[in-house]
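Take any residue in the sequence shown, note its place counting from 1, add 194, and you have its number in our numbering. C-beta: ideal position from N, C-alpha, C; glycine also. Structure first, then comments.
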Amino acid sequence: MVAQEVEINVRVFKAVPEEERDYRPHPKSMSALELARHISLEDVWFLQAVIDGQFGPMPPQGEDSEVTSVADAIGLYNEKMPALMEQVKSLSGEQLTQEVSLLGIFNLPAIGFLSFMIRHSVHHRGQLSTYLRPMGSKVPQIYGGSADNPMELPNS
(Lines of atoms letter the chains of each structure in order from A; the text may use other names.)
(Lines give C-alpha, C1' and ligand atoms only; values in the text may rest on other atoms or scores of the structure.)
Protein backbone atom coordinates (compact mmCIF):
# COMPACT_ATOMS: atom_id res chain seq x y z
CA MET A 195 0.00 0.00 0.00
CA VAL A 196 2.84 2.43 0.80
CA ALA A 197 4.38 1.79 -2.63
CA GLN A 198 1.06 2.61 -4.33
CA GLU A 199 0.78 5.90 -2.43
CA VAL A 200 4.38 6.83 -3.26
CA GLU A 201 3.68 6.18 -6.95
CA ILE A 202 0.58 8.38 -6.82
CA ASN A 203 2.48 11.13 -4.99
CA VAL A 204 5.14 11.13 -7.71
CA ARG A 205 2.41 11.48 -10.37
CA VAL A 206 1.02 14.52 -8.58
CA PHE A 207 4.52 15.99 -8.05
CA LYS A 208 5.29 15.55 -11.76
CA ALA A 209 2.12 17.49 -12.62
CA VAL A 210 3.39 20.58 -10.76
CA PRO A 211 4.95 23.01 -13.26
CA GLU A 212 8.30 24.05 -11.76
CA GLU A 213 7.63 27.67 -12.74
CA GLU A 214 4.45 27.53 -10.61
CA ARG A 215 6.08 25.93 -7.56
CA ASP A 216 5.45 29.04 -5.44
CA TYR A 217 1.70 28.99 -6.21
CA ARG A 218 -0.57 29.07 -3.17
CA PRO A 219 -4.34 29.62 -3.33
CA HIS A 220 -4.36 31.73 -0.16
CA PRO A 221 -1.65 33.53 1.86
CA LYS A 222 -2.14 31.04 4.73
CA SER A 223 -1.78 28.02 2.42
CA MET A 224 1.48 26.20 1.83
CA SER A 225 2.94 26.69 -1.64
CA ALA A 226 3.06 23.80 -4.09
CA LEU A 227 6.78 23.39 -3.37
CA GLU A 228 6.21 23.50 0.39
CA LEU A 229 3.62 20.74 0.07
CA ALA A 230 5.84 18.56 -2.15
CA ARG A 231 8.74 19.14 0.24
CA HIS A 232 6.62 18.36 3.30
CA ILE A 233 5.15 15.17 1.83
CA SER A 234 8.46 13.76 0.59
CA LEU A 235 10.52 14.61 3.68
CA GLU A 236 7.87 13.46 6.14
CA ASP A 237 7.28 10.15 4.33
CA VAL A 238 11.00 9.38 4.55
CA TRP A 239 11.02 10.50 8.21
CA PHE A 240 8.03 8.29 9.11
CA LEU A 241 9.46 5.18 7.43
CA GLN A 242 12.85 5.72 9.06
CA ALA A 243 11.14 6.02 12.46
CA VAL A 244 9.27 2.75 11.91
CA ILE A 245 12.58 1.05 11.04
CA ASP A 246 14.53 2.63 13.91
CA GLY A 247 11.77 2.33 16.50
CA GLN A 248 12.08 6.03 17.26
CA PHE A 249 11.71 9.38 15.55
CA GLY A 250 14.81 11.39 14.81
CA PRO A 251 14.75 15.17 14.55
CA MET A 252 12.17 16.59 12.15
CA PRO A 253 13.70 17.26 8.74
CA PRO A 254 14.24 20.95 7.86
CA GLN A 255 11.24 22.24 5.92
CA GLY A 256 12.51 25.64 4.76
CA GLU A 257 14.96 26.81 2.14
CA ASP A 258 17.74 25.03 4.06
CA SER A 259 16.03 21.73 3.22
CA GLU A 260 17.51 19.22 0.81
CA VAL A 261 14.29 19.63 -1.21
CA THR A 262 14.46 23.01 -2.96
CA SER A 263 12.45 22.08 -6.06
CA VAL A 264 9.63 19.73 -6.97
CA ALA A 265 12.21 17.71 -8.92
CA ASP A 266 14.14 17.31 -5.65
CA ALA A 267 11.02 15.87 -3.99
CA ILE A 268 10.76 13.30 -6.79
CA GLY A 269 14.49 12.61 -6.54
CA LEU A 270 14.28 12.09 -2.78
CA TYR A 271 11.46 9.59 -3.26
CA ASN A 272 13.34 7.74 -6.01
CA GLU A 273 16.53 7.68 -3.95
CA LYS A 274 15.23 6.72 -0.52
CA MET A 275 11.74 5.23 -0.57
CA PRO A 276 12.42 1.87 -2.30
CA ALA A 277 15.14 0.88 0.19
CA LEU A 278 13.13 2.13 3.17
CA MET A 279 10.05 0.21 2.03
CA GLU A 280 12.14 -2.96 1.70
CA GLN A 281 13.53 -2.47 5.19
CA VAL A 282 10.01 -2.04 6.58
CA LYS A 283 8.92 -5.27 4.85
CA SER A 284 11.74 -7.13 6.61
CA LEU A 285 10.74 -6.01 10.13
CA SER A 286 9.51 -8.67 12.52
CA GLY A 287 6.06 -8.67 14.07
CA GLU A 288 7.69 -7.76 17.36
CA GLN A 289 9.38 -4.72 15.81
CA LEU A 290 6.15 -3.61 14.15
CA THR A 291 4.21 -3.81 17.41
CA GLN A 292 6.87 -1.96 19.42
CA GLU A 293 5.48 1.31 20.80
CA VAL A 294 7.06 4.41 19.28
CA SER A 295 6.72 7.97 20.54
CA LEU A 296 6.18 10.79 18.07
CA LEU A 297 8.40 13.36 19.77
CA GLY A 298 6.54 12.92 23.06
CA ILE A 299 3.25 14.03 21.47
CA PHE A 300 1.62 10.59 21.29
CA ASN A 301 2.58 6.93 21.06
CA LEU A 302 1.55 4.25 18.59
CA PRO A 303 2.84 0.82 17.65
CA ALA A 304 5.36 1.22 14.83
CA ILE A 305 2.87 -0.24 12.36
CA GLY A 306 0.37 2.44 13.40
CA PHE A 307 2.78 5.06 12.09
CA LEU A 308 2.62 3.43 8.65
CA SER A 309 -1.11 4.09 8.62
CA PHE A 310 -0.56 7.58 10.03
CA MET A 311 2.05 8.29 7.34
CA ILE A 312 -0.32 7.25 4.55
CA ARG A 313 -3.17 9.40 5.90
CA HIS A 314 -0.81 12.36 6.38
CA SER A 315 0.54 12.00 2.86
CA VAL A 316 -2.92 11.59 1.30
CA HIS A 317 -4.18 14.66 3.16
CA HIS A 318 -1.40 16.91 1.85
CA ARG A 319 -1.45 15.32 -1.62
CA GLY A 320 -5.15 16.20 -1.78
CA GLN A 321 -4.28 19.80 -1.02
CA LEU A 322 -1.58 19.80 -3.70
CA SER A 323 -3.81 18.18 -6.31
CA THR A 324 -6.33 21.03 -5.94
CA TYR A 325 -3.59 23.48 -6.95
CA LEU A 326 -2.90 21.81 -10.29
CA ARG A 327 -5.67 23.22 -12.49
CA PRO A 328 -5.33 26.80 -11.18
CA MET A 329 -1.59 26.48 -11.98
CA GLY A 330 -2.49 25.51 -15.56
CA SER A 331 -1.65 21.82 -15.15
CA LYS A 332 -3.69 18.64 -15.42
CA VAL A 333 -4.78 16.41 -12.55
CA PRO A 334 -3.30 12.92 -12.97
CA GLN A 335 -5.09 9.73 -12.12
CA ILE A 336 -5.05 9.26 -8.37
CA TYR A 337 -7.38 6.41 -7.33
CA GLY A 338 -9.02 6.36 -10.72
CA GLY A 339 -9.46 8.73 -13.58
CA SER A 340 -9.73 12.49 -13.37
CA ALA A 341 -11.47 14.91 -15.73
CA ASP A 342 -8.02 15.58 -17.22
CA ASN A 343 -6.87 11.95 -17.33
CA PRO A 344 -9.91 9.66 -17.51
CA MET A 345 -9.51 6.03 -16.62
CA GLU A 346 -9.78 3.73 -19.58
CA LEU A 347 -11.81 0.66 -18.79
CA PRO A 348 -11.14 -2.59 -20.61
CA ASN A 349 -13.71 -3.45 -23.26
CA SER A 350 -16.32 -5.80 -21.87
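- Taking one beta carbon from each stretch, the segment 315 to 329 and the segment 226 to 244 have 3 or more pairs nearer than 8 Å; the two touch.
- Rounded to whole angstroms, G339 and V204 show a C-alpha spacing of 16 Å.
- Of R218, H220, L229, F300, the smallest CA-CA separation from D266 is found for L229.
- E212 places its beta carbon 8 Å or farther from that of V261.
- Residue range 287 to 291 is occupied by the alpha helix (DSSP H) that includes E288.
- Counting along the chain, no beta strand (DSSP E) covers F207; the unbroken alpha helix (DSSP H) around it starts and ends at 196 to 208.
- Under the three-state reduction of DSSP output, L347 falls in the coil class, being neither helix nor strand.
- Beta-carbon to beta-carbon, A209 and P344 are separated by about 15 Å, too far to satisfy the 8 Å threshold.
- Here the C-alpha atom of E199 lies approximately 24 Å from the C-alpha atom of P251.
- The beta carbon of H232 sits closer than 8 Å to the beta carbons of M224, Q255, H318 from its chain, once the five residues preceding and following it are set aside; these are given in chain order.
- The continuous stretches of beta strand (DSSP E) do not include F240, which lies in the alpha helix (DSSP H) extending over residues 226 to 246.
- Residue pairing for P303: DSSP places it in a beta bridge opposite E293.
- Under the three-state reduction of DSSP, F310 is assigned to helix.
- C-alpha of V196 to C-alpha of Q289: approximately 18 Å in a straight line.
- Here F207 is buried: its Cβ has 16 or more other Cβ atoms, across all protein chains shown, within 10 Å.
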